[in-house]
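Peer 1: Numbering (the working numbering), first residue to last: 532 to 854. Backbone N, C-alpha and C fix where the C-beta goes; we use that ideal spot for every residue, glycine too. If you're wondering where the values come from, they're calculated on a predicted model, not measured in any experiment. This is the structure I want to talk about, given as C-alpha cells.
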C-alpha cells in the first residue's frame, strides 16, 4: 500500500517571478489609516497655527492694500500706494538705518562676549554653577523690568547710579545717557548686551560640552598649548554654533522694540527710533493701520532677505568644509 501523498502549503503564490515576497494586500489602506490617525493628532496644532499665524498674515496683506484706519473709517482699496509711500518716506529710511546701526553695534559684542563667557565658565571647576546662573539670570527678566532697571542706573543728573559712580572716581558726571543723541543708542546697546548675552552664553556652553574630550587629550600629548588647542580644536568645532548665534542675534536685533519704547520712545530727535517703533507710531499713534501694515511687510521682506543670505553662506561653507 502506498502512503498517502503529503500535502504542503503552496508558497509559490506568496512570491513573484523574481522570488521576492508578494505585496501584502491592504498595504495602501494601512498607510492611509496611519495618515488619518496622524492627521487627527496634528489637527489641533494646524488649527491654532492657521488661526494665530496664517490668518493674521493674510489679513495684514489685505489691510496693507487699503486705507484702513484704526478709527474704523477708510478701508478703500488703494493698491500698492501704501508701499510706494513707505519706500519714499525719509522717516522710514531713517528708522531703518537706526535699526541697522543698532544691529551692527550689538551683534558683534554679543557674539564675542557670549563665546568668552562660555569659555571661562567651561574652564571653571569651583562653584561653576554659580557663574552660569549669574550670567544667564538677566536673560530671564522681562523687558519691562530690564528697561526700568537701566533707567534707574543711567538716569540723568545726580539721581542715576552711573553718574554717581563717575563722580566717585572724579570723572565728570551728568552725561545725558538718554537725552544726548551721541549716547542714547549706546545706552540701548549696553542695556541689550547685559540683558541678552546670557542666551548666547548658554548656546556656546552647550556646544563646548559636546566637543569630544579625546581631541584635547591627543593634542596635549602632541605638545599643543592652550592657545593652539583653542585655535585648532575649539573654534573650528564651534563654527556651526557661531553661525546659529549670529543669525539669531541678527534677527533679534533687527526686531528691537521693547528697550527703545520703554527707555527713550525713539528720542532724542529720532536717534533711537527703530523700524518697529516707526510702524507702531504710524499704526497706533497716527491711526494709519493700512500704511503701517505695508511698512511692516517691507521690513519683513528685509528680514527674510537676511535669513536667505545667511542660509546661502552657511550652505556654501558646509560644502567647502566637506569637499
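If we count the other Cβ atoms within 10 Å of its Cβ and call it buried at 16 or more, is residue 721 buried or exposed?
Peer 2: On the chain shown, position 190 is the one that residue 721 refers to. Buried is the call here.
Peer 1: Name the two residues that bound the continuous alpha helix (DSSP H) containing residue 719.
Peer 2: Along the chain shown, one-based indexing puts residue 719 at 188. That run of the alpha helix (DSSP H) goes 712-740.
Peer 1: Starting from the Cα of residue 726, find the closest Cα among 666, 698, 741 and give me that residue.
Peer 2: Translated into positions along the chain shown, residue 726 becomes position 195. Per the Cα distances, 666.
Peer 1: Using the DSSP secondary-structure output, state which residues sit across from residue 597 in a beta bridge.
Peer 2: Residue 597 sits at position 66 when you count from the first residue of the chain shown. Residue 597 pairs with 608.
Peer 1: Please return the same chain residues whose Cβ sits closer than 6 angstroms to the Cβ of residue 729, not counting the five positions on each side in sequence.
Peer 2: Within the chain shown, numbered from 1, the residue matching residue 729 stands at position 198. In its chain, beyond the 5 residues on either side, 666, 667, 669, 670 have a beta carbon closer than 6 angstroms to the beta carbon of residue 729.
Peer 1: Would you call the CB atoms of residue 649 and residue 781 closer than 7 angstroms?
Peer 2: As a position in the chain shown, residue 649 is number 118, starting the count at 1. As a position in the chain shown, residue 781 is number 250, starting the count at 1. Result no, Cβ atoms of residue 649 and residue 781 do not sit closer than 7 angstroms.
Peer 1: Need the endpoints of the alpha helix (DSSP H) that residue 784 sits in, please.
Peer 2: Walking along the chain shown from the start, residue 784 turns up at place 253. From DSSP, the alpha helix (DSSP H) with residue 784 extends over 770-785.
Peer 1: Quick one: any contact between the segment 606-615 and the segment 783-794, if contact means 3 or more CB pairs under 8 angstroms?
Peer 2: Pairwise C-beta distances place the segment 606-615 out of contact with the segment 783-794, as fewer than three of them are shorter than 8 angstroms.
Peer 1: Can you tell which of 592, 672, 631, 647 has its C-alpha closest to the C-alpha of residue 761?
Peer 2: Along the chain shown, read from residue 1 onward, the residue named residue 761 stands at position 230. The candidate whose alpha carbon is nearest that of residue 761 is 647.
Peer 1: What does the alpha-carbon distance come out to for the pair residue 851 and residue 626?
Peer 2: On the chain shown, position 320 is the one that residue 851 refers to. On the chain shown, position 95 is the one that residue 626 refers to. In a straight line, the C-alpha of residue 851 is about 38 angstroms away from that of residue 626.
Peer 1: Within a Cβ cutoff of 7 angstroms, which residues of the same chain sit near residue 608, ignoring the five residues on either side of it in sequence?
Peer 2: Here the question's residue 608 lines up with position 77 in the chain shown. Only 596, 597 meet the Cβ criterion.
Peer 1: If you draw a straight line from the alpha carbon of residue 528 to that of residue 803, how long is it in whole angstroms?
Peer 2: There is no way to answer for residue 528, as the model of the chain reaches only from 532 to 854.
Peer 1: Cβ of residue 776 within 7 angstroms of Cβ of residue 731?
Peer 2: Within the chain shown, the letter at position 245 stands for residue 776. Within the chain shown, the letter at position 200 stands for residue 731. Their beta carbons are under 7 angstroms apart, which means residue 776 touches residue 731 by this criterion.
Peer 1: For the alpha helix (DSSP H) that contains residue 630, what are its first and last residues?
Peer 2: For the purposes of this step, residue 630 is taken as residue 99 along the chain shown, with counting starting at 1. Run containing residue 630: 621-654, per the alpha helix (DSSP H) assignment.
Peer 1: Do you know offhand how far residue 810's Cα is from residue 565's?
Peer 2: Here residue 810 refers to the residue found at position 279 when the chain shown is read from its first residue. Here residue 565 refers to the residue found at position 34 when the chain shown is read from its first residue. Using only the alpha carbons, I get a separation of about 46 angstroms.
Peer 1: On a CA-only basis, which of 579, 814, 801, 587 is nearest residue 711? Give me that one, please.
Peer 2: Here residue 711 is taken as the residue at index 180 of the chain shown, counted from 1. Looking at the Cα atoms, 801 is the closest of the given residues.
Peer 1: Helix, strand or coil: how does DSSP classify residue 847 here?
Peer 2: On the chain shown, residue 847 is found 316 positions in, with the first residue counted as 1. Helix, per DSSP.
Peer 1: Hey, out of 838, 848, 831, whose CA is closest to residue 502's CA?
Peer 2: Within the shown structure, residues of the chain are numbered from 532 to 854, placing residue 502 beyond reach of any answer.
Peer 1: Who are the Cβ neighbours of residue 848 in its own chain at under 8 angstroms, not counting the five residues just before and after it?
Peer 2: Along the chain shown, read from residue 1 onward, the residue named residue 848 stands at position 317. Cβ-Cβ distances below 8 angstroms link residue 848 to 770, 774 in the same chain, with the five nearest sequence neighbours on each side left out; the list follows chain order.
Peer 1: Quick check: residue 630 and residue 805, are their CB atoms within less than 7 angstroms of each other?
Peer 2: By 1-based counting over the chain shown, the position of residue 630 is 99. By 1-based counting over the chain shown, the position of residue 805 is 274. Cβ atoms of residue 630 and residue 805: closer than 7 angstroms.
Peer 1: Whole angstroms is fine: what's the gap from residue 798's alpha carbon to residue 820's?
Peer 2: Here residue 798 refers to the residue found at position 267 when the chain shown is read from its first residue. Here residue 820 refers to the residue found at position 289 when the chain shown is read from its first residue. Our two residues, residue 798 and residue 820, have alpha carbons roughly 23 angstroms apart in a direct line.
Peer 1: Assuming residue 693 and residue 708 make a contact with CB atoms under 8 angstroms, what is their CB distance in whole Å?
Peer 2: Position 162 of the chain shown, counting from 1, holds the residue named residue 693. Position 177 of the chain shown, counting from 1, holds the residue named residue 708. Contact flag correct, Cβ pair sits at about 7 angstroms.
Peer 1: Among the residues of its own chain, which have a CB less than 8 angstroms from the CB of residue 750, if the five just before and after it don't count?
Peer 2: On the chain shown, position 219 is the one that residue 750 refers to. Cβ neighbours of residue 750 beyond the five flanking positions: 759, 760, 763, 764.
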